[in-house]
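Here's the structure we're looking at; comments come further down.
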Amino acid sequence: MAPYRQIIQQVRQAVLTGRLRAGDQLPTVREVVTTIAINPNTVFKAYRELEHEGLVELRQGQGTFVRGGSRTVDSSELAALRRSLLRWMKAALRAGLEPDTLFALYTTALQDAQQLSEETA
Amino acid sequence: MTAVIETDGLGKRYGDLWALRNCTLALPGGAAVALVGPNGAGKTTLLQLLVGLLRPTEGRAHVCGHSPFDQAALVLPMVAFVAQDQPLYANLTGAEHFTLGRRLNPRWNDLQVRERLHQLRIPLDRPVGRLSGGQRSQVALALSLAKQADLVVLDEPLASLDPLARQEFLQTLMEAKVDSRSTVLLSSHIVGGLERVCDFLVILATANVQIAVGIDEALATHRRLVGPSSALPSLSRLYPVIFSTETSREATAVIRTDTEIFDPDWESQPLSLEEIVLAYLSRSRSDEIEASQEVFTRAG
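Chain order of the listed sequences is A and B.
When you read off a place in the first sequence, starting at 1, and then add 16, the result is the number in our numbering.
When you read off a place in the second sequence, starting at 1, and then add 56, the result is the number in our numbering.
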């Protein structure tokens, strides 16, 4: 996966799980570069796309901040989803699936689910 | 983005041997460009043509709008170049190198890089001949950055460095890029980790450019397909197959495509940058073997 997509995914996840809340500031490009030795163009690109999605906003001279009204998943709902996924995984392992096969099954099912939700939308 | 480097049919021949041929490139300004390929592919020849150290045998090169060989006086102030052996004056200290740089270059600014060298605890009062290889490469990089050039060209800067020194080197380079619009062109035969620091990729093999593309685009448009060997011919009619291997039953193909593959015959997997580079290098290797076999057949 392209590094700028990894950054986007990490920020999205952090917002979704509530680790980042509305009004929180994302690290500056310089901070990211000095922490993980990454191309500043990559960080700019990721932040621009997140801004375009409406997840964050650029405040001139201040930095990049998480916007209010972003969709987050309630922590109890998240815990419930995790529990049901765990049940599914236990059943798959009991059925004799290797982790690789299990992962492949998960990936194809996810693709099917996305396709279905696109069709209904 | 306007191109900082443009070449058109650029070639260099040494005696009977072409070190570089038909090289046509447009490299975007402000990018960090990785020039990758095996040893002997022509990387150093291309870099030396771009900084005016070599005269082209054919074609032309433009750097910042001028010919680096014929208009060296215009191009050289805008270009910083660190050759592979990192030539520094062994008897001079780091501080003395900075003095030299300041007196010889109009746009010199070494404030930031000296701070970085201090942070890395590299002594500037010691002859650079007595520094470690990693420390010397940091001093050479610092000098090239202090020049405030529009284009920084680094020939195999990572080759002689251990993993930690490599990390520190790339860190210095990327931190400098935060405040600067300069273009960086670095050659390397080590590919791992380059997708983090570079945004443009040029693959060179057997004296020819195999592909020149943005790294995000390269990662998004190359797929590995695994499927039955019998389906390989029809696949190669639909997509450009970069490289394929097959056994009697199963085939693996690396293809370039803008769309996702939904063919039930083929399982589609994403590739890392290293795997993409390997596919292009394997292709050029097998082309080479095929060509030499043709010569033998004709000779026989």
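Every residue, glycine too, gets a C-beta built ideally from N, C-alpha and C.
Quick caveat, the model's predicted, so the values are computed rather than measured.
Out of B/Phe125, B/Pro133, B/Ser290, B/Gly96, point me to the one whose CA is closest to B/Val208's CA. B/Pro133
Exercise for the section: May I have the straight-line CA-CA distance separating B/Glu114 from B/Leu106, to the nearest angstrom? Expected result: 14 Å
Sorted by chain position, which residues of the same chain lie with C-beta nearer than 6 Å to B/Val282's C-beta, five sequence neighbours on each side aside?
Thr308, Glu323
- [ ] Taking A/Asp128 as part of the alpha helix (DSSP H), name the residues at either end of that continuous run.
- [x] 115–136
Margin query: Threshold first: 4 residues or longer. Then list the alpha helix (DSSP H) segments lying entirely within the segment 97–122 of chain B, N to C.
Written below: 99–106
Notebook entry, point to check: If you measure from the beta carbon of B/Leu337 to each beta carbon in chain A, is any gap under 8 Å?
Noted result: no
- Query: Alpha carbon to alpha carbon, how far is B/Leu241 from B/Leu229?
  - Reply: 11 Å
Counting only beta-carbon atoms, is B/Val169 nearer than 8 Å to chain A?
no
Item to complete: Tell me B/Ser300's beta-bridge partners as DSSP assigns them.
Response: B/Ala309
Check your understanding: Which one of B/Pro112, B/Ser338, B/Ala88, B/Arg305 has the shortest CA to CA distance from B/Gln266?
Key -> B/Ser338
Query - Neighbourhood of B/Glu302 by C-beta, 7 Å cutoff - its chain only, sequence neighbours within 5 removed - result: Ser285, Leu288
**Report entry** Under the three-state DSSP convention, the category A/Phe10 falls into
**Finding:** With chain A covering only 17 through 137, there is no way to say anything about residue 10 of chain A.
Inset, instruction - Let me know the secondary structure DSSP gives A/Ile52 once reduced to three states. - result: helix
Whose C-alpha, out of B/Ser304, B/Arg279, B/Glu306, is nearest the C-alpha of B/Tyr295? B/Arg279
Looking at chain A, which residues of the segment 262–278 of chain B have a Cβ within less than 8 Å of any of its Cβ atoms? Ile271, Asp272, Leu275, Ala276
Output, in chain order, the set of chain A residues within a Cβ distance shorter than 9 Å of B/His326.
-> Sequence inspection shows Pro at residue 326 of chain B; the His mentioned does not correspond to that position. Under the 9 Å cutoff, chain A gives Met17.
Exercise. Can you pull the DSSP bridge partners for B/Ser324?
Worked result: B/Leu281
Original post:
Within the chosen definition, does the segment 111–125 of chain B reach the segment 185–204 of chain B through at least 3 CB pairs nearer than 8 Å?
Top reply: no
_Contacts of B/Met230 in chain A (Cβ-Cβ under 8 Å)_ = Val49, Ala53, Ile54, Asn55, Pro56
List the endpoints of the continuous alpha helix (DSSP H) containing B/Leu66. First-last for B/Leu66: 59–70, but that is the beta strand (DSSP E), not the alpha helix (DSSP H).
For B/Val208, go through chain A and note every residue whose CB falls closer than 9 Å to its CB, in chain order.
-> The premise fails here: B/Val208 is roughly 14 Å from chain A at the closest Cβ pair, so nothing lies under 9 Å.
Could you check whether the Cβ of B/Asp181 sits closer than 7 Å to any heavy atom belonging to the ligand SAH? With respect to the ligand SAH, the structure shown offers nothing to examine, as it has no ligands at all.
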